[in-house]
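Chemist: Pasting a structure below so you can have a look.
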Amino acid sequence: MITLPTKPSDIERNQIMNQKIVSRRVFTRGIAAAVAIGAVALTTSCGNAESAGSESGGTFKVGVLVGLTGSYAALGEPERQAIELYFEQVNAAGGIDGKKVELTVLDSGSDEGTAVNQLRKLATQEKVHAVLGPSSSGESIALQAFSASLKVPVIALASSNKIVQPADKATYIFKQYTDTGSSLTAQLALAKERGWNNVALLSTNDAYGQDPVASVDALAADAGLKVVGKESFNATDTDVTAQLNKLGANNPDVVLVWAVNPANAIVAKSAASIKFKPVLFHSPGAGSQAYIENSGAAAEGTLLEGSKVLAADSMAKDDPQYDITQKLVKDFTAKHGTPPGQYAANGWDGAILLEHAIKAGKVDPGNLDAARKSIRDALENNVKDVVGVNAIYTFTPDYHGSKSLAGLAVLSVKDGKFVIDHAY
């Protein structure tokens, strides 16, 4: 047994030892480390992978490739926690069709090149049946071609349409989160409804932030709105008052903010510092309690299109996603001492989709190549109205992603909490 250095996240990980799951974690920093990786194995009460496989007649090996360091660590860590919790419960209940699940967790370093190298490792060395992740659109887009060439199914925990387009290139990659086009259209529809006719866009210089830039003018025109300004910034910037002042000079009624935490908090605090008057309407990238914690009082009154899991106590009991959302909230809070956010729900839903595909495809883990293809085929053809926390999922051969707004709502920050402002 190799003991990891003691720090809060490691202590938390060591608690997995008492769960019925086989989990191996590998953490790297940078592309060079991704090429020559040192593995740290944590073996649970189920024993090692070989003994678990021989006892159950086969083991489903799942790669978890998320950002645990770097700019997307705020996404990757809760995704990891939710995925591990989900499969702990699956294994405790006897596994999938009687077969246990073994997780191998790799850190992408929030870097596209590292993500590619880590996917290769998962596919060729770890020989996983499928991969959950990465956390960001940029990393996920980078994996499109490699998932196809390696013939390993990937369920990305990100939103950009480019992850799964064009369809003939995205044969082995799927995405869990609702596409950016649907989210942006919904934001613009609310702006129209509330009379916010002049719209501006403030977005980060990354794949997620730039995804809406090319389409916002046409979509706004379709909604009868006018785009009066577009500005961008780096996700690592610590102040965006210059961009806000430029946008403010054009008198927008609302600024659509497309960024991922913690950049959203920088926008909120910068706006508060100059008493910025237009409404700040954040995209789903702000969907976690960290947005409020990092923004402080500056978050008050801002809007977010995000997961209802952030305001689970406001959900109607007849909502078709009520039970599954409440289960995630209850179990995740009991495990980690803090309620889950949208990113944890990403991981949870990715796990739901993978388990569904394995069952629907009647997958035999003993034949790796056949198992991978069966999972791929089931994701493409058998995901119909699968209820998750962040969406009700339907995939098709032409689109390996969700266009569902179910699970999302317009949230506002009131007295330091998310509340549902408008339900879809």
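Using this note's numbering, read the sequence shown as starting at 1 and increasing by one per residue.
The beta-carbon is built from N, C-alpha and C at its ideal position, and this holds for glycine as well.
In three-state terms, what does DSSP make of ASN250?
Modeler: Residue 250 sits at position 250 when you count from the first residue of the sequence shown. Coil at ASN250, not helix or strand.
Chemist: Quick one: what does DSSP say TRP196 is sitting in, helix, strand or coil?
Modeler: Within the sequence shown, the letter at position 196 stands for residue 196. In this structure, DSSP gives TRP196 a state outside helix and strand, which the three-state scheme calls coil.
Chemist: For the segment 175 to 189 and the segment 399 to 407, state whether three or more C-beta atom pairs, one from each stretch, are separated by less than 8 angstroms.
Modeler: yes
Chemist: Rank ILE96, ALA92, VAL66 and ALA82 by C-alpha distance to the C-alpha of ALA360 and give the top, closest one.
Modeler: In the sequence shown, counting from the first residue as 1, residue 360 sits at position 360. It is ILE96.
Chemist: Closer than 8 angstroms by C-beta to VAL128: which residues in its own chain qualify, once you throw out the five before and the five after it? Chain order, please.
Modeler: What you label residue 128 is simply residue 128 of the sequence shown in a count that begins at 1. If we look at VAL128 and ignore the five residues flanking it on each side, its Cβ neighbours are LYS61, VAL62, GLY63, THR104, LEU122 and VAL152.
Chemist: Just the Cα atoms here: how many angstroms apart are PRO212 and GLY98?
Modeler: Counting from 1 along the sequence shown, the entry for residue 212 is found at position 212. Counting from 1 along the sequence shown, the entry for residue 98 is found at position 98. PRO212 and GLY98: Cα-Cα distance of roughly 44 angstroms.
Chemist: In the DSSP assignment, find the unbroken beta strand (DSSP E) run with PHE281 in it and report its ends.
Modeler: To locate residue 281, count along the sequence shown from 1; it is residue 281. PHE281 -> beta strand (DSSP E) spans 279 to 282.
Chemist: Applying the 10 Å Cβ sphere with the 16-neighbour rule, what's the burial state of SER147?
Modeler: For the purposes of this step, residue 147 is taken as the residue at position 147 of the sequence shown. The residue is buried, with at least 16 neighbouring Cβ atoms inside 10 Å.
Chemist: Bridge partners for ARG130 per DSSP, in chain order?
Modeler: In the sequence shown, residue 130 corresponds to position 130, counting from 1. With the sequence shown as reference, residue 130 is identified as Ala, and Arg is not the correct amino acid for it. BP columns for ALA130 point to VAL62.
Chemist: Need the endpoints of the beta strand (DSSP E) that GLU305 sits in, please.
Modeler: On the sequence shown, position 305 is the one that residue 305 refers to. 303 to 307 is the span of the beta strand (DSSP E), which, as asked, contains GLU305.
Chemist: Starting from the C-beta of SER374, find all residues in its chain whose C-beta is less than 6 angstroms away, skip the five residues before and the five after it, and write them out in chain order.
Modeler: In the sequence shown, residue 374 corresponds to position 374, counting from 1. Excluding positions up to five away in sequence, the list reads GLY361 and VAL363.
Chemist: Quick check on VAL228: does DSSP put it in helix, strand or coil?
Modeler: Within the sequence shown, residue 228 is the residue found at index 228, counting from 1. Here VAL228 sits in strand by DSSP.
Chemist: Looking at the secondary structure, which residues open and close the beta strand (DSSP E) in which VAL216 lies?
Modeler: Taking the first residue of the sequence shown as 1, we reach residue 216 at position 216. No beta strand (DSSP E) holds VAL216; the alpha helix (DSSP H) holding it covers 216 to 222.
Chemist: Smallest Cα separation from LEU188: which of GLU126, GLY109 and SER283?
Modeler: The residue you call residue 188 lines up with position 188 of the sequence shown. Looking at the Cα atoms, SER283 is the closest of the given residues.
Chemist: Between the segment 255 to 273 and the segment 79 to 86, do at least 3 Cβ pairs fall closer than 8 angstroms?
Modeler: no
Chemist: Does the segment 156 to 166 come into contact with the segment 230 to 239, if we say contact requires no fewer than three beta-carbon pairs (one atom in each stretch) closer than 8 angstroms?
Modeler: no
Chemist: Alpha carbon to alpha carbon, what distance is there between ASN250 and LYS277?
Modeler: In the sequence shown, counting from the first residue as 1, residue 277 sits at position 277. In the sequence shown, counting from the first residue as 1, residue 250 sits at position 250. Cα-Cα distance, rounded: 12 angstroms.
Chemist: With distance defined between alpha-carbon atoms, name the residue in PRO78, GLY67, LEU68 and SER71 nearest to GLY337.
Modeler: For the purposes of this step, residue 337 is taken as the residue at position 337 of the sequence shown. Answer by Cα proximity: PRO78.
Chemist: Go ahead and pull the three-state DSSP assignment for ILE292.
Modeler: Reading the sequence shown from its first residue, position 292 is the one you call residue 292. Correct three-state label for ILE292: helix.
Chemist: Which of helix, strand or coil does DSSP assign to ALA406?
Modeler: Position 406 of the sequence shown, counted from the start, is the residue given in the question as residue 406. Assigned with DSSP and collapsed to three states, ALA406 falls in coil, not helix or strand.
Chemist: So for ILE274, helix, strand or coil by DSSP?
Modeler: One-based indexing of the sequence shown puts residue 274 at position 274. If DSSP states are grouped into helix, strand and coil, ILE274 belongs with coil.
Chemist: Using a Cβ-Cβ cutoff of less than 8 angstroms, which residues in the same chain neighbour LYS226 once the five nearest sequence positions on both sides are dropped?
Modeler: Looking up residue 226 in the sequence shown gives position 226. Answer for LYS226: ASN197, ASN198, VAL199 and ALA220, listed in chain order.
Chemist: State the beta-bridge partners of ASP107 as determined by DSSP.
Modeler: In the sequence shown, residue 107 corresponds to position 107, counting from 1. Answer is VAL66, bridged to ASP107.
Chemist: Kindly indicate which three-state DSSP category HIS422 falls into: helix, strand or coil?
Modeler: Working through the sequence shown from its first residue, we reach residue 422 at position 422. Here HIS422 sits in strand by DSSP.
Chemist: Please classify TYR399: does DSSP put it in a helix, a strand, or coil?
Modeler: As a first step, residue 399 must be located in the sequence shown, where it is residue number 399. Here TYR399 sits in strand by DSSP.
Chemist: For PRO134 versus SER108, is the C-beta spacing smaller than 9 angstroms?
Modeler: In the sequence shown, counting from the first residue as 1, residue 134 sits at position 134. In the sequence shown, counting from the first residue as 1, residue 108 sits at position 108. Taking 9 angstroms as the Cβ cut-off, PRO134 and SER108 qualify as a contacting pair.
Chemist: Buried or exposed: ASP313, going by 16 or more other Cβ atoms within 10 Å of its Cβ?
Modeler: Position 313 of the sequence shown, counting from 1, holds the residue named residue 313. Under this definition ASP313 is an exposed residue.
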